Amino acid sequence: MKKSISTFAAVLTALLTACAQPEVPAERFYRLQIQPPEASLPQPGIQGVVEVTFTAEGIVDDRNINYSKVDNPNEVSGYTYRLWHKPPKVMLRDQLIAYLRTAGVAQKVVAPEKRASPQYLINGQIKRLEMIDGSVPHAIVALELALVEAGTDKLLTLGVYDVSVTAKSNAVADAVAAMEKALADIFAKFVEDIKKM
Numbered sequence: 335m336k337k338s339i340s341t342f343a344a345v346l347t348a349l350l351t352a353c354a355q356p357e358v359p360a361e362r363f364y365r366l367q368i369q370p371p372e373a374s375l376p377q378p379g380i381q382g383v384v385e386v387t388f389t390a391e392g393i394v395d396d397r398n399i400n401y402s403k404v405d406n407p408n409e410v411s412g413y414t415y416r417l418w419h420k421p422p423k424v425m426l427r428d429q430l431i432a433y434l435r436t437a438g439v440a441q442k443v444v445a446p447e448k449r450a451s452p453q454y455l456i457n458g459q460i461k462r463l464e465m466i467d468g469s470v471p472h473a474i475v476a477l478e479l480a481l482v483e484a485g486t487d488k489l490l491t492l493g494v495y496d497v498s499v500t501a502k503s504n505a506v507a508d509a510v511a512a513m514e515k516a517l518a519d520i521f522a523k524f525v526e527d528i529k530k531m
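According to the working numbering, the sequence shown is numbered sequentially starting from 335.
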């Protein structure tokens, strides 16, 4: 009887151990912090208020950090436990607003919730915001940015900016740092395009 109880206990322990779930990884949240421009314009190039909005579609709009592998570039996945601290379209909008304010591009640069009756609109679309995992890890950021006159819908400038920056490693934190550099490059190019108007 004692032998059958100990055998039963051993079998029960083995079954319970087999059914045990592995520990769930802790969620980690990442933010983008773009380096401000080195110099600002002596006078605002745009007179009036500029409102900035961003859109994104599909998994680019998710808070999961997206990645693909060098050997399978058409398959895009999202990390389950590696997340942006805000939705990408809000995060990039806020970063572009801060960048344009520091650059002195306009008298005022605001988000839509300010309800500031803008004279100009910057409409951004996030095409890609992902890390590429492989022997040469990198990040790719692709944005479409348009400056439009609010009253007339006249398109003043439109650019598609696609930048790839090498990351130090395949770690998410290194990919985020590479994305920050890519975005700083894109924002600088956009400011140059605005100055050419």
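Just so it is clear, CB atoms sit at the ideal spot from N, CA and C, and this is done for glycine as well. Since we're looking at a predicted model, the values are computed, not measured.
{"Asked": "When every heavy atom of the ligand SAM is checked, does at least one fall within less than 8 Å of the C-beta of P446?", "Found": "Ligands displayed in this structure: none; no statement on the ligand SAM is therefore possible."}
{"Asked": "According to the Cβ coordinates, are M513 and L463 closer than 9 Å?", "Found": "yes"}
{"Asked": "What separation, rounded to the nearest whole angstrom, lies between the Cα atoms of T389 and M425?", "Found": "11 Å"}
{"Asked": "Measure the Cβ-Cβ separation of A445 and P370 and say whether it is below 9 Å.", "Found": "no"}
{"Asked": "I believe L417 touches V386 by the beta-carbon criterion, under 8 Å. Please report the beta-carbon distance rounded to the nearest angstrom.", "Found": "That belief does not hold up - the Cβ atoms of L417 and V386 are roughly 23 Å apart, past 8 Å."}
{"Asked": "Can you give me the start and stop residues for the beta strand (DSSP E) that R462 sits inside?", "Found": "454-467"}
{"Asked": "Ignore the nearest five residues each way along the sequence and tell me which others in F363's own chain have a CB closer than 8 Å to its CB.", "Found": "L417, W418, H419"}
{"Asked": "Count the other CB atoms within 10 Å of the CB of Y433; is the residue buried (16 or more) or exposed (fewer)?", "Found": "buried"}
{"Asked": "Is it buried or exposed for Y415, if we count other Cβ within 10 angstroms and need 16 for buried?", "Found": "exposed"}
{"Asked": "What does DSSP give as the partner residues of S416 in its beta bridges?", "Found": "Correcting the residue type first, residue 416 is Arg in the shown sequence and not Ser. Note: R416 sits in a beta bridge opposite R362."}
{"Asked": "So what's E385 in DSSP terms, helix, strand or just coil?", "Found": "strand"}
{"Asked": "Under a Cβ-count criterion, where at least 16 other Cβ atoms within 10 Å of its own Cβ denotes burial, should V470 be classed as buried or exposed?", "Found": "exposed"}
{"Asked": "Less than 9 Å separating the beta-carbons of G382 and K461?", "Found": "no"}
{"Asked": "Under a three-way DSSP split, which group does I393 fall into?", "Found": "helix"}
{"Asked": "Since L479 is in the beta strand (DSSP E), which residue starts that stretch and which ends it?", "Found": "472-483"}
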